[in-house]
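Engineer: Per the working numbering, residue 841 is the first one in the sequence shown, and the count goes up by one each step.
Even for Gly, the Cβ is constructed at its ideal location relative to N, Cα and C.
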Amino acid sequence: MAKQSRRVVIAIDGPAGAGKSTIARRLAERLGFTYIDSGAMYRAVALWAMRQNADPADMHRMEQLARAADIELQPAGLQILLNGEDVTAAIRTPEVGQQASVVAVIPGVRRALVEKQRALGERTSVIMEGRDIGTVVFPDADVKIFLDADPQERVSRRLRDFRDQGESAPPEAVAAQMQERDRRDRTRAEAPLTQAPDAVYIDSTGLSLDGVEEEILRVVRARLTNGKDFS
Ligand code: DC
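1) Residue 841 to residue 1041, Cα distance in whole Å?
2) Could you check if residue 973 belongs to the surroundings of ligand 1, using beta carbon to heavy atom distance under 7 Å?
3) Between residue 847 and residue 964, is the Cβ-Cβ spacing less than 8 Å?
4) What residue does the alpha helix (DSSP H) around residue 1012 start on, and which one ends it?
5) Is it the case that the CB of residue 882 approaches a heavy atom of ligand 1 more closely than 7 Å?
6) Return the CA-CA distance between residue 865 and residue 917, expressed in angstroms with no decimal places.
7) Can you have a look at residue 1050 and say buried or exposed, based on whether 16 or more other CB atoms are within 10 angstroms of its CB?
8) Among residues of its own chain, excluding the 5 on either side of residue 972, which ones have a beta-carbon nearer than 6 Å to its beta-carbon?
9) Looking at the unbroken beta strand (DSSP E) that takes in residue 944, where does it start and where does it end?
10) For residue 790, verify whether its CB is less than 7 Å away from any heavy atom of ligand 1.
11) What are the boundary residues of the alpha helix (DSSP H) that residue 908 is part of?
12) Since residue 986 and residue 854 should fall inside the 8 Å C-beta cutoff, what is the C-beta to C-beta distance between them, to a whole number of angstroms?
13) Looking at residue 931 and residue 920, is the spacing between their C-beta atoms short of 8 Å?
14) Is residue 878 near ligand 1, going by C-beta to nearest heavy atom under 7 Å?
15) Hey, quick one: how far does the alpha helix (DSSP H) through residue 973 stretch, first residue to last?
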């Protein structure tokens, strides 16, 4: 394995259900990098706002909450703490996902969370996934991936996630919610979901997890080690 002496940043962006979290977690483990799920941070702020009955239209209040939120991502991204409370499961509901997308439109919320994300990525090599990592959070990232998949496949994956968690949801509702969230994330004025010009586009439709992992590792090798083995 080629030794990396400097800090490396890998950015993975893409829509919901493209497989970013699973693949980023696997890669982080394989490369020994810190995994950071930026979406979990938007979800944590949304959860806090919901619990406080705060009006999402009150942009000032939302920014205050985002700034005040003490969000801790435990190693490997397996546990998320909000103000010291374990909210790992609580932030994964569809309602919190929708609200996360709503609060993510607010520029002040984004500023607060982008600061936290940059601070997290300051010390170690990281794989950070989200919507604006390669475009806004780390525009100088060493490797940028835009991970996509067919809308139908993304819905199927979400349904499978729910099933694995012992929950069920009507496919039409999941599809409609995902469509709405995608539209909001892609069309907002501040840091919309978009592919950075220097990002590599990977369509994971029909690919196995191993297949996606290998594709990304090929890009990582090419960008970081001029083709030498890296993992
Ligand atoms: O990746 P996720 O589904 O957990 O993200 C939840 C919402 O958070 C997503 O719909 C939009 C927002 N988000 C964002 O705006 N920017 C990011 N970097 C990550 C997530």
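Structural biologist: Based on what the coordinates show:
1) Mapped onto the sequence shown, residue 841 falls at position 1. Mapped onto the sequence shown, residue 1041 falls at position 201. Residue confidence is low: residue 841 scores 47 on pLDDT, short of 50, so the model does not pin down where it sits. No coordinate-derived value is stated.
2) The residue you call residue 973 lines up with position 133 of the sequence shown. Checking the Cβ of residue 973 against ligand 1 gives yes.
3) Indexing the sequence shown from 1 puts residue 847 at position 7. Indexing the sequence shown from 1 puts residue 964 at position 124. Going by C-beta atoms, residue 847 is nearer than 8 Å to residue 964.
4) On the sequence shown, residue 1012 is found 172 positions in, with the first residue counted as 1. That run of the alpha helix (DSSP H) goes 1011-1027.
5) Within the sequence shown, residue 882 is the residue found at index 42, counting from 1. Yes - ligand 1 has a heavy atom lying nearer than 7 Å to the Cβ of residue 882.
6) Mapped onto the sequence shown, residue 865 falls at position 25. Mapped onto the sequence shown, residue 917 falls at position 77. In a straight line, the C-alpha of residue 865 is about 8 Å away from that of residue 917.
7) For this step, residue 1050 is matched to residue 210 along the sequence shown. By the 10 Å Cβ count, residue 1050 comes out exposed.
8) Here residue 972 corresponds to residue number 132 of the sequence shown, with the count starting at 1. Cβ within range, chain order: 1031.
9) Position 104 of the sequence shown, counting from 1, holds the residue named residue 944. Counting along the chain, residue 944 falls outside any beta strand (DSSP E), and DSSP gives it neither H nor E.
10) There is no way to answer for residue 790, as the model of the chain reaches only from 841 to 1071.
11) For the purposes of this step, residue 908 is taken as residue 68 along the sequence shown, with counting starting at 1. Per DSSP, the continuous alpha helix (DSSP H) segment holding residue 908 begins and ends at 899-908.
12) For this step, residue 986 is matched to residue 146 along the sequence shown. For this step, residue 854 is matched to residue 14 along the sequence shown. Indeed they touch by this definition, with Cβ atoms about 6 Å apart.
13) Start at 1 with the first residue of the sequence shown, and residue 920 comes out as number 80. Start at 1 with the first residue of the sequence shown, and residue 931 comes out as number 91. Yes. Within cutoff.
14) Within the sequence shown, the letter at position 38 stands for residue 878. Answer for residue 878: yes, Cβ within range of ligand 1.
15) Locating residue 973 in the sequence shown gives position 133, where the first residue counts as 1. It is not in any alpha helix (DSSP H) - residue 973 carries neither H nor E in the DSSP assignment.
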